[in-house]
Amino acid sequence: MITKEIIDHWDGEPVVQFTMENKQGLKMEALNFGCRINGLYIPDDKGNVENVVLAYQDVKDYKTDSLYLGAVIGRVAGRIPHGRLEWSDDIHHLSLNEGPHHLHGGMTGFSHRFWDYEIDEREDKDCITFSLKSMDGEEGYPGTVDIKVIYVLEQNGRFSIEYEALSDKTTWISLTNHTYFNLSGNQKRDVGHHVVQAPVECVFELDNDLIPTGELVQAEDTPFDVKKGRTLNDVFSENHPQLSVANGGFDHFFVFEKNAEKKIAVYEEKNGRMVEVETTEPGAVIYTGNNIKDSASFKEGNGDIRAGMCVETQRLPEHFRDLQRPTCRIEAGQPYKAATTFTFGTKQ
Numbered sequence: 001m002i003t004k005e006i007i008d009h010w011d012g013e014p015v016v017q018f019t020m021e022n023k024q025g026l027k028m029e030a031l032n033f034g035c036r037i038n039g040l041y042i043p044d045d046k047g048n049v050e051n052v053v054l055a056y057q058d059v060k061d062y063k064t065d066s067l068y069l070g071a072v073i074g075r076v077a078g079r080i081p082h083g084r085l086e087w088s089d090d091i092h093h094l095s096l097n098e099g100p101h102h103l104h105g106g107m108t109g110f111s112h113r114f115w116d117y118e119i120d121e122r123e124d125k126d127c128i129t130f131s132l133k134s135m136d137g138e139e140g141y142p143g144t145v146d147i148k149v150i151y152v153l154e155q156n157g158r159f160s161i162e163y164e165a166l167s168d169k170t171t172w173i174s175l176t177n178h179t180y181f182n183l184s185g186n187q188k189r190d191v192g193h194h195v196v197q198a199p200v201e202c203v204f205e206l207d208n209d210l211i212p213t214g215e216l217v218q219a220e221d222t223p224f225d226v227k228k229g230r231t232l233n234d235v236f237s238e239n240h241p242q243l244s245v246a247n248g249g250f251d252h253f254f255v256f257e258k259n260a261e262k263k264i265a266v267y268e269e270k271n272g273r274m275v276e277v278e279t280t281e282p283g284a285v286i287y288t289g290n291n292i293k294d295s296a297s298f299k300e301g302n303g304d305i306r307a308g309m310c311v312e313t314q315r316l317p318e319h320f321r322d323l324q325r326p327t328c329r330i331e332a333g334q335p336y337k338a339a340t341t342f343t344f345g346t347k348q
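Shown next as structure tokens:
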């Protein structure tokens, strides 16, 4: 079932909130502004249904949001050093919105735009298809691109995000979703009791601006080795220079082992809530909310460091193409497709 409600108006545009709910009682709220996930309600191991994502108390805070709460990110997720895209003799200068660098699509990006939408309710699943057109030269990117982002809630409890894009010129595209999870429910505590497990081969080394240096940090015998699962409090207690660069936690691109199942599992030790994140993409940025400010006001509490964590599945930056995994550069007329599925439950 999908319902929709106009909850505000900005600059002559209606802010529409959609509520998707399945027969199991899983409920998700989303906005037409940035395709933002504005609430996600799931049970714990005792059946208590609570919100497990960060969302602003006042919807107007999304207009100036710098945390990208719940948003679709594009054209390219992550940081592009000095806003410079280069391929052979083809050089493009992007907008600079984080000091001397380009972050998450630029000054506006897909996260701060209103999207068109269509609703499709079926017996086995409900879908919202968001769409927009990104024009040639927007934020400095080449090519006019038609983008679709499809939110799918199945009756079996799975929630999927499907991404599609098509450009009329060679360009760069890597879409993700920037939802902050806090499986404690209603933000009762920070994410320190979350356990993260993933088949990680390596992570990108970062400089002091959180820009990949081009070097890789092999995960084995480091805080990034989460193959067998690690509690984030244990990670936060580690003394590692790459954790220090990221203000005491993860903000790194985790590259999956080449032949492993592309799945990240996160569960909360105290209540058993779990989400399995399965993707078509070669890796994900895992961000543990190291820079959330206490000035933020969320639905379930105030902002604070580590109040939520993100699993941002995405493609590799182009300069890591030697890893022989999908990168963000696509040719004119080449369809871009990606998908990430979230399966919710409790750990027995």
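Here the UniProt record's numbering is used: the first residue of the sequence shown is 1, the next is one more, and so on. For each residue, glycine too, the CB sits at the ideal point set by N, CA and C.
Tell me the DSSP secondary structure of residue 345 in three-state form. Here residue 345 refers to the residue found at position 345 when the sequence shown is read from its first residue. Note: residue 345 maps to strand in three-state DSSP.
With distances taken Cα to Cα, identify the nearest neighbour of residue 7 among 216, 57 and 1. Translated into positions along the sequence shown, residue 7 becomes position 7. Nearest option by C-alpha distance: 57.
Runs of alpha helix (DSSP H) lying entirely within the region 220-262, each at least 4 residues, in chain order: 232-236 and 241-245
Residue 45: first and last residue of the uninterrupted beta strand (DSSP E) it sits in: The residue given as residue 45 occupies position 45 in the sequence shown. Per DSSP, residue 45 belongs to no beta strand (DSSP E) and is neither H nor E.
Can you have a look at residue 260 and say buried or exposed, based on whether 16 or more other CB atoms are within 10 angstroms of its CB? Counting from one through the sequence shown, the residue named residue 260 turns up at place 260. Classification for residue 260: exposed.
Nearest-angstrom Cα separation, counted from residue 135 out to residue 264: Position 264 of the sequence shown, counted from the start, is the residue given in the question as residue 264. Position 135 of the sequence shown, counted from the start, is the residue given in the question as residue 135. Between residue 264 and residue 135, the C-alpha separation is close to 34 Å.
Using DSSP with H/G/I as helix, E/B as strand and the rest coil, what is residue 105? For this step, residue 105 is matched to residue 105 along the sequence shown. In the structure shown, residue 105 sits in coil (DSSP, three-state: anything other than H, G, I, E or B).
Please state if the CB of residue 332 and the CB of residue 170 are separated by a distance shorter than 7 Å. In the sequence shown, the residue the question calls residue 170 occupies position 170. In the sequence shown, the residue the question calls residue 332 occupies position 332. Their beta carbons are under 7 Å apart, which means residue 170 touches residue 332 by this criterion.
Residue 352, buried or exposed, once every other Cβ within 10 Å from all chains shown has been counted against 16: With the chain covering 1 to 348 only, the question about residue 352 has no answer from this structure.
In chain order, what residues of the same chain lie with their CB nearer than 6 Å to the CB of residue 296, ignoring the 5 residues before and after it? Counting from 1 along the sequence shown, the entry for residue 296 is found at position 296. Counting only Cβ-Cβ distances below 6 Å, and skipping sequence neighbours, we find 303.
So for residue 133, helix, strand or coil by DSSP? Looking up residue 133 in the sequence shown gives position 133. DSSP places residue 133 within a strand segment (E or B) once states are collapsed to three.
Per-residue burial, residue 118 [other beta carbons within 10 Å of its own, 16 or more giving buried]: Sequence index remark: in the sequence shown, residue 118 carries index 118 (1-based). Exposed, by the Cβ-count rule.
Closest by C-alpha distance to residue 330, when choosing among 167, 192, 299 and 67: Along the sequence shown, one-based indexing puts residue 330 at 330. The shortest Cα separation from residue 330 among 167, 192, 299 and 67 belongs to 167.
For the region 216-227 against the region 266-275, do three or more pairs of beta-carbon atoms, one drawn from each stretch, fall closer than 8 Å, so that the two count as touching? As far as the Cβ criterion goes, the region 216-227 does not touch the region 266-275, which means the pair count is below three.
Find out if the Cβ-Cβ distance for the pair residue 172, residue 76 is shorter than 7 Å. Locating residue 172 in the sequence shown gives position 172, counting from the first residue. Locating residue 76 in the sequence shown gives position 76, counting from the first residue. Against a cut-off of 7 Å, the Cβ pair of residue 76 and residue 172 comes out as a contact.
With a threshold of 16 other CB atoms inside 10 Å of the CB of residue 182, please say whether the residue is buried or exposed. For the purposes of this step, residue 182 is identified with residue 182 of the sequence shown, where counting begins at 1. Burial call: buried.
For my contact list, residue 161 and residue 129 are in at a C-beta cut-off of 8 Å; report their separation, rounded to the angstrom. Position 161 of the sequence shown, counted from the start, is the residue given in the question as residue 161. Position 129 of the sequence shown, counted from the start, is the residue given in the question as residue 129. Under the criterion of beta carbons closer than 8 Å, residue 161 and residue 129 do not qualify as touching, at roughly 11 Å.
Comparing alpha-carbon positions, which option in 307, 69, 81 and 41 lies nearest residue 193? Within the sequence shown, the letter at position 193 stands for residue 193. Answer by Cα proximity: 307.
Whether residue 16 touches residue 32 by CB criterion (7 Å): Reading the sequence shown from its first residue, position 16 is the one you call residue 16. Reading the sequence shown from its first residue, position 32 is the one you call residue 32. Result yes, Cβ atoms of residue 16 and residue 32 sit closer than 7 Å.
Going by the beta-carbon positions, is the gap between residue 324 and residue 281 smaller than 7 Å? The sequence position of residue 324 within the sequence shown is 324, counting from 1. The sequence position of residue 281 within the sequence shown is 281, counting from 1. Their beta carbons are not under 7 Å apart, which means residue 324 does not touch residue 281 by this criterion.
Around the C-beta of residue 335, are 16 or more other C-beta atoms found within 10 angstroms, so that it is buried, or is it exposed? In the sequence shown, counting from the first residue as 1, residue 335 sits at position 335. So residue 335 ends up on the exposed side.
Using the rule of at least 16 other Cβ atoms within 10 Å of the residue's Cβ for burial, across every protein chain shown, is residue 309 buried or exposed? Within the sequence shown, residue 309 is the residue found at index 309, counting from 1. Buried, by the Cβ-count rule.
Can you give the Cα-Cα distance for residue 185 and residue 63, rounded to whole angstroms? One-based indexing of the sequence shown puts residue 185 at position 185. One-based indexing of the sequence shown puts residue 63 at position 63. Looking at the two C-alpha atoms, the distance is approximately 25 Å.
Residue 158, enclosing beta strand (DSSP E) - first and last residue: Locating residue 158 in the sequence shown gives position 158, where the first residue counts as 1. Segment 158-167, the beta strand (DSSP E) holding residue 158.
Are the CB atoms of residue 344 and residue 275 nearer to each other than 7 Å? Against the sequence shown, residue 344 aligns to sequence position 344. Against the sequence shown, residue 275 aligns to sequence position 275. Closer than 7 Å, so yes.
Does the Cβ of residue 357 have 16 or more other Cβ atoms within 10 Å, making it buried, or fewer, making it exposed? There is simply no residue 357 to check, as the chain begins at 1 and stops at 348 in what is shown.
Would a C-beta distance cut-off of 7 Å place residue 299 and residue 30 closer than the cut-off? As a position in the sequence shown, residue 299 is number 299, starting the count at 1. As a position in the sequence shown, residue 30 is number 30, starting the count at 1. No. Outside cutoff.
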